[in-house]
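Asker: In UniProt numbering, the protein residues as written are 1 to 338.
Each residue gets a CB set at the ideal place from its N, CA and C atoms; glycine is no exception.
Okay, structure coming up:
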């Protein structure tokens, strides 16, 4: 189905977020593409009481969109596609779920790319021991030979990387690690041996992973049974000088146990997500020298958010042309997703 040259005949699409977010996800090229496909109607559901377009066939949502309630969906009986210009759809899903027959997509795959890139960079730099050697260099103020004299093994040759979770991001990180001379082990109860072989990794238990990995990177969803799954027992079992990387969710980790291990100078950590999201003002996380703390920047930010705009327009185009719509959410797996 080609775009109708008559704008009045193009299907209505509700953009259920404000103009600020619209400008983040759409540049001029995306706006032009969108306008060729649909008649966009912007209503920020957080603040606007404007009547919803009953003729809408498509709804675009995003991070600013509040949780959808049945009345919103009922007001648009012709709705056939909800396309989420952000990561997981779960934060805005109606408690009752979406109506049968409604196609729902999200940008989990697009959001996974910058997270995996951050994790890859963190893994490679952790194996070069930049935190430890950076501290030593500042203290000694001498050259490479003196700084490396008493350092532990470093480098990205024959080191062991442990990935906790074979999620979309975990799998992408594993794929990005393929060119390197590293052993990659993965702990995930839902990962089959066949899938592990296809990923080029070895499936292990969580305990084995923490005991043997030089670098541990977390990629599990936060669910009731994964809260504080990275506990004192696992953290204390890490190899001396190993690095824990968290780009997933802060509450996966027992923060007190992590702080205790860091204070003992047992391990290093690169942490992008904490719980609470901004640590308390007096938290030791702010001052621990063997911790690199970043403000939840691994996921899509600034320029990277434009991927969402391209993806949702691709979904709209496929929907209108009757093709398989990319990025569809598999609701039978939602209980395992972030």
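Can you give the Cα-Cα distance for residue 321 and residue 315, rounded to whole angstroms?
Answerer: As a first step, residue 321 is located in the chain shown; it is residue number 321 there, counting from the start. As a first step, residue 315 is located in the chain shown; it is residue number 315 there, counting from the start. So the two alpha carbons sit approximately 10 Å from each other.
Asker: Using CA coordinates, which residue listed in 75, 134, 248, 29 is at the minimum distance from residue 412?
Answerer: Past the boundaries of the shown model lies residue 412; the chain is included only from 1 to 338, so the question cannot be answered.
Asker: Name the DSSP beta bridge partners of residue 62, please?
Answerer: Locating residue 62 in the chain shown gives position 62, where the first residue counts as 1. The partner list for residue 62 (beta bridge, DSSP) reads 85.
Asker: Write down the C-beta distance between residue 261 and residue 236 rounded to the nearest angstrom, noting that I regard them as a contact closer than 8 Å.
Answerer: In the chain shown, residue 261 corresponds to position 261, counting from 1. In the chain shown, residue 236 corresponds to position 236, counting from 1. That belief holds up - the Cβ atoms of residue 261 and residue 236 are roughly 7 Å apart, short of 8 Å.
Asker: If you draw a straight line from the alpha carbon of residue 121 to that of residue 129, how long is it in whole angstroms?
Answerer: Here residue 121 is taken as the residue at index 121 of the chain shown, counted from 1. Here residue 129 is taken as the residue at index 129 of the chain shown, counted from 1. So the alpha carbons of these two residues sit roughly 12 Å apart.
Asker: Examine the Cβ distances between the segment 94 to 113 and the segment 193 to 202 and report whether three or more of them are shorter than 8 Å.
Answerer: No, because fewer than three Cβ pairs between the segment 94 to 113 and the segment 193 to 202 fall closer than 8 Å, the two stretches do not touch.
Asker: Between the C-alpha atoms of residue 107 and residue 145, what's the straight-line distance to the nearest angstrom?
Answerer: As a working mapping, residue 107 is identified with position 107 in the chain shown. As a working mapping, residue 145 is identified with position 145 in the chain shown. So the two alpha carbons sit approximately 47 Å from each other.
Asker: Would a C-beta distance cut-off of 7 Å place residue 56 and residue 104 closer than the cut-off?
Answerer: Locating residue 56 in the chain shown gives position 56, counting from the first residue. Locating residue 104 in the chain shown gives position 104, counting from the first residue. Not a contact, by the Cβ cut-off of 7 Å.
Asker: Residue 189: which of 163, 132, 174 sits nearest, CA to CA?
Answerer: Residue 189 sits at position 189 when you count from the first residue of the chain shown. Comparing Cα-Cα distances from residue 189 to each of 163, 132, 174, the minimum goes to 163.
Asker: Can you tell me the Cα-Cα spacing of residue 78 and residue 296, whole angstroms?
Answerer: As a working mapping, residue 78 is identified with position 78 in the chain shown. As a working mapping, residue 296 is identified with position 296 in the chain shown. The straight-line gap from Cα to Cα measures roughly 38 Å.
Asker: Taking 8 Å as the threshold, find out whether the segment 75 to 90 comes into contact with the segment 132 to 140 through three or more Cβ pairs.
Answerer: Contact between the segment 75 to 90 and the segment 132 to 140 is absent, because fewer than three Cβ pairs lie under 8 Å.
Asker: Check whether the Cβ atoms of residue 209 and residue 194 lie closer than 7 Å to each other.
Answerer: On the chain shown, residue 209 is found 209 positions in, with the first residue counted as 1. On the chain shown, residue 194 is found 194 positions in, with the first residue counted as 1. Not in contact: residue 209 and residue 194 (Cβ atoms no closer than 7 Å).
Asker: Can you list, in chain order, the residues of its chain with a C-beta nearer than 8 Å to that of residue 50? Leave out the 5 residues immediately preceding and following it.
Answerer: On the chain shown, residue 50 is found 50 positions in, with the first residue counted as 1. Excluding residues within five positions, the ones whose Cβ falls inside 8 Å are 43.
Asker: Could you tell me the distance, in whole angstroms, from the CA atom of residue 41 to the CA atom of residue 306?
Answerer: As a working mapping, residue 41 is identified with position 41 in the chain shown. As a working mapping, residue 306 is identified with position 306 in the chain shown. Between residue 41 and residue 306, the C-alpha separation is close to 20 Å.
Asker: Would you mind stating whether residue 311 and residue 291 have Cβ atoms separated by less than 7 Å?
Answerer: Translated into positions along the chain shown, residue 311 becomes position 311. Translated into positions along the chain shown, residue 291 becomes position 291. Taking 7 Å as the Cβ cut-off, residue 311 and residue 291 do not qualify as a contacting pair.
Asker: The alpha helix (DSSP H) that contains residue 233, what's its start and end?
Answerer: Your numbering for residue 233 matches position 233 in the chain shown. From DSSP, the alpha helix (DSSP H) with residue 233 extends over 232 to 236.
Asker: Would you mind giving the Cβ-Cβ distance between residue 308 and residue 85, rounded to the nearest angstrom? I have them listed as a contact below 8 Å.
Answerer: Here residue 308 corresponds to residue number 308 of the chain shown, with the count starting at 1. Here residue 85 corresponds to residue number 85 of the chain shown, with the count starting at 1. Indeed they touch by this definition, with Cβ atoms about 4 Å apart.
Asker: Quick check on the burial criterion: 16 or more other C-beta atoms within 10 angstroms. Buried or exposed for residue 319?
Answerer: Against the chain shown, residue 319 aligns to sequence position 319. Buried is the call here.
Asker: Under three-state DSSP, which class holds residue 39?
Answerer: Here residue 39 is taken as the residue at index 39 of the chain shown, counted from 1. Strand at residue 39.
Asker: Output the distance between the C-alpha atoms of residue 70 and residue 227, rounded to the nearest integer angstrom.
Answerer: To locate residue 70, count along the chain shown from 1; it is residue 70. To locate residue 227, count along the chain shown from 1; it is residue 227. The straight-line gap from Cα to Cα measures roughly 30 Å.
Asker: If residue 65 and residue 92 are in contact, beta carbons under 8 Å, what's the gap, nearest whole angstrom?
Answerer: Numbered from 1 along the chain shown, position 65 holds the residue referred to as residue 65. Numbered from 1 along the chain shown, position 92 holds the residue referred to as residue 92. Yes, residue 65 and residue 92 are in contact; Cβ-Cβ is about 5 Å, under 8 Å.
Asker: Which of the three DSSP states is assigned to residue 106 in this structure?
Answerer: Position 106 of the chain shown holds residue 106. The answer is coil: DSSP assigns residue 106 none of H, G, I, E or B.
Asker: Beta carbon of residue 273, beta carbon of residue 246: below 7 Å?
Answerer: Translated into the one-based positions of the chain shown, residue 273 becomes position 273. Translated into the one-based positions of the chain shown, residue 246 becomes position 246. Contact: yes.
Asker: Among 15, 63, 19, 10, which has the Cα closest to the Cα of residue 300?
Answerer: Your numbering for residue 300 matches position 300 in the chain shown. It is 63 whose Cα lies nearest to the Cα of residue 300.
Asker: Are there 16 or more other CB atoms within 10 angstroms of the CB of residue 287, so buried, or fewer, so exposed?
Answerer: Looking up residue 287 in the chain shown gives position 287. Exposed: under 16 other Cβ atoms inside 10 Å.
Asker: For residue 183, which residues does DSSP report across the bridge?
Answerer: Against the chain shown, residue 183 aligns to sequence position 183. In DSSP, residue 183 forms a bridge with 160.
Asker: Between 95, 222, 239, which lies nearest to residue 254 when the distance is taken from Cα to Cα?
Answerer: Within the chain shown, residue 254 is the residue found at index 254, counting from 1. Cα-wise, what sits closest to residue 254 is 222.
Asker: Look at the Cβ atom of residue 16, then the Cβ atom of residue 45, and state whether they are nearer than 7 Å.
Answerer: In the chain shown, counting from the first residue as 1, residue 16 sits at position 16. In the chain shown, counting from the first residue as 1, residue 45 sits at position 45. Cβ atoms of residue 16 and residue 45: closer than 7 Å.
Asker: Just curious, the beta strand (DSSP E) that residue 243 is in, first and last residue?
Answerer: Translated into positions along the chain shown, residue 243 becomes position 243. Element bounds for residue 243: 243 to 246.
Asker: Kindly indicate which residue of 61, 10, 298 has the alpha-carbon position closest to the one of residue 21.
Answerer: Looking up residue 21 in the chain shown gives position 21. For the residues 61, 10, 298, the minimum Cα distance to residue 21 belongs to 61.
Asker: Where DSSP assigns a beta bridge to residue 48, which residues make up the other side?
Answerer: The residue labelled residue 48 in the question sits at position 48 within the chain shown. Its beta-bridge partners do not exist; DSSP assigns none.
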